[in-house]
Amino acid sequence: MLGSGVCEEDIYRHPDRQGLQASVPYSMLHDIYSLGVVFLEIGLWRSELAVDRQAPLKRIHKPLFWGSLHKTRCQEQDPFKIKALYQKLARSVIPQTIGGRFAAVVEACLTCVEGDFGHVEDGQGNDGADEIVYLERVVEALEAISL
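Under the UniProt record's numbering, the very last position in the sequence shown is 147; numbers go up by exactly one each time.
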């Protein structure tokens, strides 16, 4: 898959899938990572992007809170450092806003490609069953959270 290299378009992509050329083949685990970024936004009660009302198909960066992160994202050449920053936010801020269990789910999604929630293959040579099991574990962890 060819990417655009535009940092706003890489916000939800796993670091292995960012940039002009993805470094690894697609796996459903990459989608679970994206879900983790969305969960992070929910836990922070802020989205990193907003719709430009002048051009609805264009996404724009929201400066509040994410301002320094956006600047870091666009200047940082190593997307794994941004991923580490997301994980740090999940560990340090999310427990205070929503709770430790949700923080654990966020971090598990952000680290799924590396095999959190137990060993899960990367999807090479199977029918996606391992990824579905992983996603089921995420859902079970969310169901265990009582508000």
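Glycine included, every Cβ here is placed at the ideal spot set by N, Cα and C. Keep in mind that this is a model prediction, so the values were computed, not measured.
Between the CA atoms of residue j and residue i - distance to the nearest angstrom
| i | j | result |
| --- | --- | --- |
| L40 | A129 | 25 Å |
| D31 | S146 | 25 Å |
| V105 | A90 | 9 Å |
| I98 | E107 | 13 Å |
| P79 | G36 | 15 Å |
| I11 | L135 | 21 Å |
| F102 | P95 | 7 Å |
Where the alpha helix (DSSP H) through residue i begins and ends
| i | result |
| --- | --- |
| P15 | Note, P15: premise wrong, no alpha helix (DSSP H); not H, not E. |
| R137 | A129 to E143 |
| S92 | P79 to S92 |
Three-state class that DSSP yields for residue i in the structure shown
| i | result |
| --- | --- |
| I42 | helix |
| D31 | helix |
| V24 | coil |
| T97 | helix |
| G115 | coil |
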